[in-house]
Amino acid sequence: MSLVDKIAKLKKEKNAVILAHNYQRPEIQDIADYVGDSIELSRKAMEEDAELIVFSAVDFMAESAAILNPGKKVLLPSLGARCPMAQMLTVDEIKRWKVRYPQVPVVLYVNTFGAAKAHCDICCTSANAVEVVESLDSSTVLFGPDRNLAEYVQRKTGKTVIPIPEWGFCPTHLLFQPEDIQVLKAQYPRAMVMAHPECSFEVQRVSDFVGSTSQMCRYAKQSGAETFIVGSEEGILHRLRKENPEKRFVLGYDGAVCPNMKLNTLDRIYMSLKEERHVVVVPESVARQARKALLRMFEVA
Ligand code: 13P
Ligand code: SF4
């Protein structure tokens, strides 16, 4: 029996579902029950009545699913599939900023750990950050941990968005450079440029569309353009090409790979299902507060 068949068999036996992020390897996207961006995957985890959720992504995403679904078992196939950006914002750092700005609401990108989320007022993703900040009755917000996303939200809302920490970033999206995009634009003059808001302002400035991973997929589908230069992790190209076989997608930087997302393999998904590992555990005292911030986001966006 092939590995893919073994996974399908185990999934059925255990009433499991496989949720995969848009950055997962092509072979994982192809066997997943659902492929999406971080907010879509969180929603899906709540809708599914499966007992077991294999969350093929990185830690903070699986953690959000566990926080939102206390009755379900959430598995992260690869131990240590960490998002370095999530590690950049500690609880102590949030507390320090709260002391400096006691009346200012704290908005945290979902790319944070549960313990950090438990200290914020509301969460957001790259798909709804602007809406979330606009919904708050405050002209100033503390926003972490991605500085580029914070600046993007400030430009879009006109509010004062204070990045916490001052320097948070995604190591993969930082690799995109406006010069490389310009080279590709010269090569494909009719191409549309799409970028994730984790890219620098300089890259966003030379882009025609800035949005979350699934928003880029929707943009490419409805656009009349034939060629797209993509400023995001290379895994997204698989979905883009699959959904738009007649269009051309070119990565804005050939080395844009998130090594943590790529830790997940079909083998690890199989072992995860078979041995029910690695179970994501969030203490209820932390989960209770973090859940409030996540649910508030769903109410707004
Ligand atoms: P999305 O919410 O757009 O899927 O982004 C998550 C992420 O980690 C991007 O690097
Ligand atoms: Fe984190 Fe960047 Fe990887 Fe997204 S691409 S999971 S932000 S390191």
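Each residue of the sequence shown is one higher than the one before, starting from 0 at the first, in numbering that gives the first Met the number 0. Think of the CB as a built atom: it goes at the ideal place given N, C-alpha and C, for glycine as much as any other residue.
Original post:
What's the C-alpha gap between P188 and S231?
Top reply: Distance between the alpha carbons of P188 and S231 is about 20 Å.
Original post:
What residues match up with P162 in a beta bridge as DSSP calls it?
Top reply: DSSP lists F142 as the beta-bridge partner residues of P162.
Subject >> Opposing strand residues paired with R247 [DSSP bridges] >> reply: Per DSSP, T226.
Original post:
What do you get for S63, buried or exposed, if any count of 16 or more other CB atoms within 10 angstroms of its CB means buried?
Top reply: Per the 10 Å Cβ criterion, buried.
Original post:
Taking the alpha carbon of V280 as the point to measure from, which residue in S206, V73, E298 and Q186 has its own alpha carbon closest?
Top reply: Considering only alpha carbons, the answer is V73.
Original post:
When the Cβ atoms of the stretch 140-158 are set against those of the stretch 98-105, are three or more pairs found closer than 8 Å?
Top reply: Contact between the stretch 140-158 and the stretch 98-105 is present, because at least three Cβ pairs lie under 8 Å.
Original post:
Just the Cα atoms here: how many angstroms apart are D120 and V182?
Top reply: If I take the Cα positions, the gap works out to 42 Å.
Original post:
How is F200 classed by DSSP in three states: helix, strand or coil?
Top reply: In this structure, F200 counts as helix in the three-state DSSP scheme.
**OP:** Count the other C-beta atoms from every protein chain shown that fall within 10 angstroms of the C-beta of E39, then say buried if there are 16 or more, exposed otherwise.
**Re:** The residue is buried, with at least 16 neighbouring Cβ atoms inside 10 Å.
Original post:
Going by Cα to Cα distance, which pick from I163, E298, N14 and L236 is closest to T89?
Top reply: When only C-alpha atoms are compared, the closest one is I163.
**OP:** Identify the continuous alpha helix (DSSP H) that holds Y269 and give its terminal residues.
**Re:** From DSSP, the alpha helix (DSSP H) with Y269 extends over L265 to E274.
Subject >> Boundaries of the alpha helix (DSSP H) in which V90 is found, first to last residue >> reply: Start and end: V90 to R99.
**OP:** With distances taken Cα to Cα, identify the nearest neighbour of K291 among F59, K8, L67 and A61.
**Re:** Considering only alpha carbons, the answer is L67.
Subject >> Continuous alpha helix (DSSP H) stretch holding V3: start and end >> reply: Note, V3: alpha helix (DSSP H), L2 to E12.
**OP:** Closer than 7 Å is what we want: which residues have a beta carbon that near any heavy atom of the ligand SF4? List them in chain order.
**Re:** With the cut-off at 7 Å, the residues found are Y22, V57, C82, P83, M84, A85, N110, C169, P170, T171, H172, E197, E232, C257, N259 and M260.
Subject >> Segments assigned alpha helix (DSSP H), at least 4 residues, entirely inside the stretch 2-67 >> reply: 2-12, 25-30, 37-46 and 58-67, all fully within the stretch 2-67.
**OP:** Give a single yes or no on whether H118 has its beta carbon closer than 7 Å to a heavy atom of the ligand 13P.
**Re:** Distance from the C-beta of H118 to the nearest heavy atom of the ligand 13P is not below 7 Å.
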